[in-house]
């Protein structure tokens, strides 16, 4: 297995190094070919590395900086704050070839802005698209893009999202001729916006793509398609609604589990024994396992983790970056679009 | 309690009278002030009424018709098919004052089209908006509109949705100065489309409305607001994503319950004993209990039920219509908008 170096914005996300350090420990254990460049406050990082017996680990380098981009500041403020910030330094390490990809749980607007500013887009790509794998009820995944990088897009850009999603699904989901669908408010040809109707006709005429038509947002996790295509506004609305519902329902479940009473342990045991399959199914659609969105269309791998990610979720974001690097996604997109 | 007469499109929905008749039986039991005008095929209706000992019931009148609008035909076909159809006759009964409202689980486009064609809109209402109550995790409800009647809207129309939603929440949720929010992909002022940013400023300047800003779609069920305002495209995408997730997760639960094995009864008993609160919480957010969308802004109450509604869900759609009639919603909207 080829060695992979990842740049990590250790300070990004609601919990900073308390989440990112244990997550990368898990990733190191799972994948010995990994190395990490860590960007952030050494005074916070070192004790945590020590706690996890990772201090002076040969595969971990710390690049100290005290600058951090705040989570909720507007884009322009964030960019102004970005000089020497942990996020910007992590992206610059990728730009300079010191790492093959980077992961950050920080300010989404800043990450997308800096990535587009610093990392070259692939030739002919008009707009990179925020792309995730989303869980399906049968335990598999679908690709969904754009999830928020582009609020308004042209018909041509939506078509390009279809092309990129097609190649991404081939590599990441190991599929031949993946099924592509446009997200819409109905499945009939006359449904939705004029743009969706126009792009529907364009995609129907593409012999090289396995376009299957419109899909509605209540079918996102039904495994009726492999790639869900939409503009960034629609994708963001749909995915957050889906994730919010899943998180909320799982939280009801967890609260019940955490209930304190004398038969708590019995309850937990019975729960595990009786509802194992059910619990496992819930876990399959747990958004944590699909944490990580990548800016598809750039020449390098840049992954955004949820700000609120826990250790497990941040681990999955790291793994998502690793899979893309191993799958040589940027080159596959480049070759695929050039061949056409 | 004032007597209420509802016109019911008995044939609408995936299961027709097999669902609608038992549902209205339940509604009659719950509310003795109800009467029903039933529109549909007498040969199918009569045996089912007999089965439920409702044949020749003084509060039920059958208006026979064999015409039905098909569920999945495009809007124009549906309108052509509509003459003497169960749906159209039910709406006409409302138009003619024979019933105060109607309920149908049939073709959504046709119902909205016919309702707008036959029932007068309130003065000054530019566009009626499809409006539902959506469940929140604490067991309460929020109002959400538009859910699909208007794919593209003007800034002024979005403001009008806010005004109508405000009055609807006051009556249906018994609230003073309900909290209003615009659905967007972020909560900062610079997020989302130019239209959302403009309407955000307009609503902020309205002293008569308790506008609290943007809300993201992962917070729809968090009870952070009482009225969620959006265009019909966005609302449809968000609500279907939410409902799809809830339905899918609840279906996992049901499948596990239905599992056949020797300790099934033990499992069921333990399930009930241990997870009662959890199960009840799940039921609170079960979309069945919030079935029913109304075309707000018309001079009469027209409620759309989900096509796939089961008996319980269709009962809730009937109840939703009844509550609106009891609350005198069309007049409250009229008065509220006139006062302004």
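Chains as they are written, first to last, in the working numbering: chain A, -12 to 327; chain L, -12 to 327. Note that the Cβ used here is the ideal one computed from N, Cα and C, for glycine as well.
Residue interval of the beta strand (DSSP E) (run including residue 199(L)):
First-last of the beta strand (DSSP E) with residue 199(L): 197 to 202.
Close-in-space but distant-in-sequence residues of the same chain around residue 356(A) (CB under 8 Å, 5 per side omitted)
Since the first residue of chain A shown is -12 and the last is 327, residue 356(A) is not available in this structure.
Name the chain L residues that come within less than 7 Å of residue 204(A), Cβ to Cβ?
One finds 224, 227, 228, 231 in chain L with Cβ atoms closer than 7 Å to the Cβ of residue 204(A), taken in chain order.
Measuring only the C-alpha atoms, how far is residue 319(L) from residue 154(L)?
Looking at the two C-alpha atoms, the distance is approximately 7 Å.
From -7(L), -8(L), 2(L), pick the residue whose C-alpha is nearest to that of residue 299(L); which is it?
Cα-wise, what sits closest to residue 299(L) is 2(L).
Can the beta-carbon of residue 101(A) be found less than 8 Å from the beta-carbon of residue 75(A)?
Yes; because the gap between Cβ atoms is below 8 Å, this pair is in contact.
Are the C-beta of residue 175(L) and some C-beta of chain A separated by less than 8 Å?
Answer yes: the Cβ-Cβ gap between residue 175(L) and chain A drops below 8 Å somewhere.
Going along chain A in order, which residues have a C-beta closer than 7 Å to the C-beta of residue 135(L)?
For residue 135(L), the neighbours in chain A by C-beta distance under 7 Å run, in chain order, 172.
With C-beta atoms as the reference, is residue 80(L) less than 8 Å away from residue 24(L)?
It is a contact, given that the beta carbons lie within the stated cut-off.
Under 8 Å between C-beta atoms, does residue 221(L) make it to chain A?
Answer yes: the Cβ-Cβ gap between residue 221(L) and chain A drops below 8 Å somewhere.
Kindly indicate if chain A contains any beta-carbon less than 8 Å away from that of residue 207(L).
Answer yes: the Cβ-Cβ gap between residue 207(L) and chain A drops below 8 Å somewhere.
Hey, residue 184(L) and residue 176(L): beta-carbon distance below 8 Å or not?
Contact flag set, yes.
Please tell me whether residue 205(A) and residue 228(L) are closer than 8 Å, where the distance is taken between their beta carbons.
Contact flag set, yes.
Looking at residue 192(L): is its Cβ nearer than 8 Å to the Cβ of residue 164(L)?
For the pair residue 192(L) and residue 164(L), the CB atoms are not nearer than the 8 Å cut-off.
Measuring CB atoms only, is the stretch 276 to 286 of chain L touching the stretch -6 to 1 of chain L, in the sense that at least three cross pairs come out at less than 8 Å?
No, the stretch 276 to 286 of chain L is not in contact with the stretch -6 to 1 of chain L.
How big is the Cα-Cα spacing for residue 142(L) and residue 135(A)?
Between residue 142(L) and residue 135(A), the C-alpha separation is close to 22 Å.
Against chain L: residues of the stretch 179 to 190 of chain A by CB proximity under 8 Å:
Those residues of the stretch 179 to 190 of chain A that come within reach of chain L (Cβ to Cβ, closer than 8 Å) are 179, 180.
Strictly below 9 Å CB to CB, what residues from chain L border residue 47(A)?
Among the residues of chain L, none has a CB under 9 Å from the CB of residue 47(A); the nearest is roughly 34 Å distant.
DSSP three-state call for residue 145(L): helix, strand or coil?
Helix at residue 145(L).
Should residue 49(A) and residue 72(A) be called a contact, given that it needs their Cβ atoms to be closer than 8 Å?
For residue 49(A) and residue 72(A), no; Cβs fall outside 8 Å.
Determine contact between the stretch 12 to 24 of chain L and the stretch 308 to 323 of chain A, defined as no fewer than three beta-carbon pairs at a distance below 8 Å.
No contact exists between the stretch 12 to 24 of chain L and the stretch 308 to 323 of chain A.
For a test of the three-state rule: what should DSSP assign to residue 2(A), helix, strand or coil?
Note: residue 2(A) maps to coil in three-state DSSP.
For residue 320(L), return the contacting residues in chain A, with the cut-off set at a CB-CB distance below 9 Å.
Per Cβ cutoff of 9 Å: no residues; residue 320(L) is ~25 Å from chain A at best.
Please confirm whether residue 218(A) and residue 139(A) have their CB atoms less than 8 Å apart.
Result yes, Cβ atoms of residue 218(A) and residue 139(A) sit closer than 8 Å.
For residue 34(L), go through chain A and note every residue whose CB falls closer than 8 Å to its CB, in chain order.
Residue 34(L) does not reach chain A, its nearest Cβ partner there being about 34 Å away, counting only Cβ pairs nearer than 8 Å.
Candidates -8(A), 29(A), 111(A), 61(A): closest to residue 87(A) by CA position
Distance from the Cα of residue 87(A) is smallest, within the candidate group -8(A), 29(A), 111(A), 61(A), for -8(A).
Given that a residue counts as buried once 16 or more other Cβ atoms are within 10 Å of its Cβ, and exposed if not, what is residue 111(A)?
Label assigned to residue 111(A): exposed.
For the candidate residues 325(L), -10(L), 40(L), 127(L), whose alpha-carbon lies nearest to that of residue 156(L)?
With distances taken between Cα atoms, residue 156(L) lies closest to 127(L).
I'd like to know if residue 142(L) contacts chain B, where contact means its C-beta is closer than 8 Å to some C-beta of that chain.
Looking at the structure shown, chain B is missing, and the protein chains on hand are A and L.
What are the complete beta strand (DSSP E) segments, minimum 3 residues, inside the stretch 62 to 91 of chain L?
88 to 91, all fully within the stretch 62 to 91 of chain L.
DSSP three-state assignment for residue 218(A), whether helix, strand or coil
If DSSP states are grouped into helix, strand and coil, residue 218(A) belongs with coil.
Buried or exposed (CB count within 10 angstroms, at least 16 for buried), residue 223(L)
The residue in question, residue 223(L), is buried, as its Cβ has 16 or more Cβ neighbours within 10 Å.
Is residue 92(L) near residue 231(L), with beta carbons less than 8 Å apart?
Not closer than 8 Å, so no.
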